[in-house]
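Novice: Per the working numbering: the sequence shown = residues 201 to 397.
Yeah, the Cβ is synthetic: ideal placement off N, Cα and C, and Gly gets one too.
What you are looking at is a predicted structure, and each value in this text was computed from that prediction instead of being measured.
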Amino acid sequence: AGVMYEDGVCLKPNWERAADLYQRAAAAGHPGAAARLAAGYAAPSGGRDLAAALWWAVRAKTALPSACMQVAPLADDADRFVAALKGWPAGQLNACVYAAAVMASLQSELASPTLAAAYGQQGRIRLAFAPAAGRIEISDELTALAGTQSIGDSAARTALVDYVKGLKDRALARYEKPAGIASAWRVESDHEYKAVR
Numbered sequence: 201a202g203v204m205y206e207d208g209v210c211l212k213p214n215w216e217r218a219a220d221l222y223q224r225a226a227a228a229g230h231p232g233a234a235a236r237l238a239a240g241y242a243a244p245s246g247g248r249d250l251a252a253a254l255w256w257a258v259r260a261k262t263a264l265p266s267a268c269m270q271v272a273p274l275a276d277d278a279d280r281f282v283a284a285l286k287g288w289p290a291g292q293l294n295a296c297v298y299a300a301a302v303m304a305s306l307q308s309e310l311a312s313p314t315l316a317a318a319y320g321q322q323g324r325i326r327l328a329f330a331p332a333a334g335r336i337e338i339s340d341e342l343t344a345l346a347g348t349q350s351i352g353d354s355a356a357r358t359a360l361v362d363y364v365k366g367l368k369d370r371a372l373a374r375y376e377k378p379a380g381i382a383s384a385w386r387v388e389s390d391h392e393y394k395a396v397r
């Protein structure tokens with residue numbers, strides 16, 4: 201329901217309503233809801249609340265550059281979290297929110313434990329993000345699910361990887377990359393998919 205309000209699917213887009221539904225889903229333990237909040241608050245349509253975007257990314261355990269994780273121990277105290285951000289050097293918050301937004305956008309889509317199974321696959325997909333370059337490399341260790349190997353296995357694996365490439369392209373296009381991101385920043389995340397019984 202949150203996605204429907206955020207994206208305007210059969211409904212008028214309404215970020216406030218989407219955020220409320222995502223918060224309820226996050227409280228109920230939905231694996232991608234907190235990441236959707238991080239990605240949404242970083243987007244212009246979400247009102248660009250940078251502190252909220254980074255706070256939700258930390259709570260979602262989104263992969264972030266180490267410089268952005270300085271505030272992670274404060275995630276249980278929103279006031280202290282925001283106060284700490286005010287002490288950051290100019291540009292660091294924008295850079296961290298960009299990295300968080302792109303990674304959270306992908307995390308929210310890849311969090312489904314049944315994603316790979318829908319393609320008859322199991323294994324791991326790894327994302328390696330270089331925020332300064334605005335580039336994400338995708339690698340995988342995917343294999344066919346037991347009992348599903350067929351002549352179409354290679355095509356199914358390719359289709360899943362192509363789907364992830366499409367998500368990557370949309371995430372990079374959704375957020376404007378700020379100037380001044382440290383060229384050494386790297387972010388990696390692994391998404392594991394086990395056989396679903």
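Looking at the structure shown, is alanine 330 part of a helix, part of a strand, or coil, going by DSSP?
Specialist: strand
Novice: Assess contact between the region 385-397 and the region 309-316, defined as three or more Cβ pairs (one per stretch) separated by less than 8 Å. Is contact present?
Specialist: Enough Cβ pairs lie closer than 8 Å, so yes.
Novice: Taking the alpha-carbon positions, what's the alanine 252 to alanine 260 distance?
Specialist: 12 Å
Novice: Quick check on this structure: which residue in Gly323, Arg335, Val387 has the alpha carbon closest to the alpha carbon of threonine 343?
Specialist: Gly323
Novice: Strictly by DSSP, which residues pair up with aspartate 390?
Specialist: Arg326
Novice: Given a cut-off of 8 Å, decide if serine 305 and arginine 145 are closer than it, judged by their beta-carbon atoms.
Specialist: Past the boundaries of the shown model lies residue 145; the chain is included only from 201 to 397, so the question cannot be answered.
Novice: For the putative contact between methionine 303 and serine 389, defined by C-beta atoms under 8 Å, what is the C-beta separation to the nearest angstrom?
Specialist: 6 Å
Novice: Buried or exposed: where does cysteine 296 fall if 16 or more other Cβ atoms within 10 Å of its Cβ makes it buried?
Specialist: buried
Novice: Are at least three pairs of beta-carbons, each pair with one atom in the region 326-340 and one in the region 359-374, less than 8 Å apart?
Specialist: yes
Novice: Along the chain, where does the beta strand (DSSP E) that runs through glutamate 341 open and close?
Specialist: 335-344
Novice: Could you name the residues of the same chain whose beta carbon sits closer than 7 Å to that of cysteine 210, not counting the 5 residues immediately before and after it, in chain order?
Specialist: So the list reads Met204, once near-sequence residues are dropped.
Novice: Nearest to glutamate 206 by alpha carbon, out of Leu285, Gly240, Gln270, Ala227?
Specialist: Gly240
Novice: When you compare only the Cα positions, how much space is there between alanine 228 and alanine 311?
Specialist: 15 Å
Novice: Rounded to a whole number of angstroms, what is the C-alpha to C-alpha distance between glutamate 216 and serine 354?
Specialist: 42 Å
Novice: Assuming alanine 257 and valine 387 make a contact with CB atoms under 8 Å, what is their CB distance in whole Å?
Specialist: Between alanine 257 and valine 387 the beta-carbon gap is near 11 Å, outside 8 Å, which marks them as no contact.
Novice: Kindly indicate which residue of Gln307, Ala346, Gln321 has the alpha-carbon position closest to the one of phenylalanine 329.
Specialist: Sorting Gln307, Ala346, Gln321 by C-alpha distance to the C-alpha of phenylalanine 329 places Gln307 at the top.
Novice: Alpha carbon to alpha carbon, how far is leucine 327 from glutamate 321? Give it in angstroms, no decimals.
Specialist: For the record, residue 321 in the displayed sequence is glutamine; it is not glutamate. One C-alpha to the other measures close to 17 Å.
Novice: Using only alpha-carbon positions, find the residue among Asp220, Ser266, Leu372 that is nearest to glycine 334.
Specialist: Leu372
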